[in-house]
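Single-structure report; data block below.
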Amino acid sequence: MSAAAARATFLMSVYNAGEFLRPAIESVLAQTDGRWRFVVVDDASTDGSADVAAEYDDPRIAAVALERNVGQTAALNLGLDRVETPWVARLDQDDVAAPDRLECQLAFLEAHPDTVLLGSWADFIDERGEPIGRWRPATAPDRVRRDLYVRPCPLVHSAVVYRADIARSLGGYPTGYAYAQDLALWLAMEKVGAVAIVPRVLTYLRRHRGQTSRDPSAAARQIGEALATTDTLPADLARDRATVRAWRTRRLRLTAERALVALRAGDRALARRSALDALALLRADPSALVSMVGLGARSMVRKAAYRISLG
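Residue numbers for the sequence shown follow the numbering used here, so the first one is 1466 and each next one is one higher.
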């Protein structure tokens, strides 16, 4: 297949992927729609991941091995610069794309040309590939856009397809973020065109003990970045009282959660500052506490199920 025929480039940043890298790469090779390229950027791994990526003898795969570790955000931007297709399809190093992922997402994009960013539903799997949970956010463009601000990000980074030229025109992934670089880019892209989600499971998200997000210090920074990216609402959303209430509730919950994880990480200064921020938010809208309690109960159930699944 000629380079001109390719429609999307799978983009993966890799750092010490271990045993999960091969299944991730091979899920791209198994796509039912062959109009793809694949850019794999190894961020100076120390476990031989760069050698694994270079083993695949397929002209559609470009394996880039960095000499020094630059972090995921910079690695993704380096990969984005190498994309020559109209669309970028993201996939993380430990996740798995369904065989028909690209076929379904390209079909949706061809039918909805105003879409610049497209996600999908997903299932969570464990280290053995067994199902342990589901991700089923709302799919309508207006609802997806609203949920970017008032709920946990509905767009799973490892399941999105987005316009390469628009992402580059916006500067790519914002370099000030180590964890929320995807959400920051999505919020910039939603101002340019429609954002939607395909209501089908097209990606399998692996959960395992080695993931950075389990570390309290990393979790505290991740929450802080989520708060920073959604610091304000667009003017049209700010005119809707229900959206404003949901946004305030979300910020209250995240701020309180950051106080707790900062305390677990031993960062008492951040814990105190976050607790004071939470109290200020509560004073501004006391009714947000009622909504937060309901959200917190559901979250506790989900987290308990996840921990049980990990043994």
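Backbone N, C-alpha and C define an ideal beta-carbon position, used for all residues, glycine too.
> How is the alpha helix (DSSP H) around F1573 delimited, first residue to last?
Replying inline: Mapped onto the sequence shown, residue 1573 falls at position 108. Where F1573 is concerned, the enclosing alpha helix (DSSP H) stretches over 1566-1576.
> Which residues in the same chain have their Cβ closer than 6 angstroms to the Cβ of R1487, if we skip the five residues on either side of it in sequence?
Replying inline: Position 22 of the sequence shown, counted from the start, is the residue given in the question as residue 1487. Result list for R1487: empty, nothing under 6 angstroms.
> So is L1741 buried or exposed if we call it buried at 16+ other beta carbons inside 10 Å?
Replying inline: The sequence position of residue 1741 within the sequence shown is 276, counting from 1. Flag for L1741 reads exposed.
> Is L1543 helix, strand or coil when you go by DSSP?
Replying inline: Within the sequence shown, residue 1543 is the residue found at index 78, counting from 1. Looking at L1543 - three-state DSSP - the assignment turns out to be helix.
> Mapping DSSP to helix, strand and coil, what is G1584?
Replying inline: In the sequence shown, counting from the first residue as 1, residue 1584 sits at position 119. Three-state DSSP puts G1584 in a strand.
>> If you reduce the DSSP assignment to three classes, tell me which class E1484 lands in.
In response: Here residue 1484 refers to the residue found at position 19 of the sequence shown. It is helical.
> To which residues of the same chain is A1770 closer than 6 angstroms at the C-beta, ignoring the five residues directly before and after it?
Replying inline: Mapped onto the sequence shown, residue 1770 falls at position 305. Summary for A1770: the model assigns pLDDT 37, below 50, so the residue's position carries little reliability; its value from the coordinates is reported in the next sentence. Within the same chain, no Cβ atom closer than 6 angstroms to the Cβ of A1770 is found once the five residues on either side in sequence are excluded.
> What runs of the alpha helix (DSSP H), each 4 residues or longer, lie entirely inside the segment 1591-1662?
Replying inline: 1606-1615, 1629-1634, 1646-1654
> Can you tell me whether F1485 is buried or exposed, with buried defined as 16 or more other CB within 10 angstroms of its CB?
Replying inline: Position 20 of the sequence shown, counted from the start, is the residue given in the question as residue 1485. Buried, since its Cβ has 16 or more Cβ neighbours within 10 Å.
>> According to DSSP, A1527 sits in a beta bridge with which residue or residues?
In response: Against the sequence shown, residue 1527 aligns to sequence position 62. V1504.
> Would a C-beta distance cut-off of 8 angstroms place D1612 and P1602 closer than the cut-off?
Replying inline: For the purposes of this step, residue 1612 is identified with residue 147 of the sequence shown, where counting begins at 1. For the purposes of this step, residue 1602 is identified with residue 137 of the sequence shown, where counting begins at 1. Yes, the Cβ-Cβ distance between D1612 and P1602 is below 8 angstroms.
>> For I1526, which residues in the same chain have their Cβ closer than 7 angstroms to its Cβ, ignoring the five residues on either side in sequence?
In response: The residue given as residue 1526 occupies position 61 in the sequence shown. So the qualifying residues of the chain are F1503, V1505.
> Can you tell me the Cα-Cα spacing of A1693 and W1712, whole angstroms?
Replying inline: For the purposes of this step, residue 1693 is taken as residue 228 along the sequence shown, with counting starting at 1. For the purposes of this step, residue 1712 is taken as residue 247 along the sequence shown, with counting starting at 1. Taking the straight line joining both Cα atoms gives about 13 angstroms.
> Between which two residues does the beta strand (DSSP E) harbouring T1474 extend?
Replying inline: Stepping through the sequence shown from its first residue, residue 1474 is reached at position 9. Counting along the chain, the beta strand (DSSP E) containing T1474 begins and ends at 1473-1479.
>> For V1777, tell me which candidate among S1752, R1718, R1671 has the shortest Cα-Cα distance.
In response: The requested residue 1777 is not part of the displayed model; the chain covers only 1466 to 1776.
>> Could you compute how far the alpha carbon of A1727 sits from the alpha carbon of R1710?
In response: Within the sequence shown, the letter at position 262 stands for residue 1727. Within the sequence shown, the letter at position 245 stands for residue 1710. Taking the straight line from one Cα to the other gives about 26 angstroms.
>> If I measure Cβ to Cβ from T1497 and keep anything under 8 angstroms in the same chain, skipping five residues before and after, which residues do I get?
In response: Mapped onto the sequence shown, residue 1497 falls at position 32. Its chain contains P1564, D1565, L1567, E1568 as the residues whose beta carbon lies nearer than 8 angstroms to that of T1497, once the 5 sequence neighbours on both sides are disregarded; these appear in chain order.
> Comparing alpha-carbon positions, which option in A1629, T1708, R1718, V1581 lies nearest D1546?
Replying inline: On the sequence shown, position 81 is the one that residue 1546 refers to. Cα-wise, what sits closest to D1546 is A1629.
>> If you follow the alpha helix (DSSP H) that V1517 is in, where does it begin and where does it stop?
In response: Walking along the sequence shown from the start, residue 1517 turns up at place 52. First-last of the alpha helix (DSSP H) with V1517: 1514-1520.
> Is R1733 helix, strand or coil when you go by DSSP?
Replying inline: Position 268 of the sequence shown, counted from the start, is the residue given in the question as residue 1733. In this structure, R1733 counts as helix in the three-state DSSP scheme.
> DSSP state of L1670, grouped into three classes?
Replying inline: Here residue 1670 refers to the residue found at position 205 of the sequence shown. Looking at L1670 - three-state DSSP - the assignment turns out to be strand.
>> Short of 8 angstroms in beta carbon distance, which residues of its chain neighbour N1481, apart from the five on each side in sequence? Order them along the chain.
In response: As a working note, residue 1481 is residue 16 in the sequence shown. Hits under 8 angstroms: S1510, T1511, D1512, S1514.
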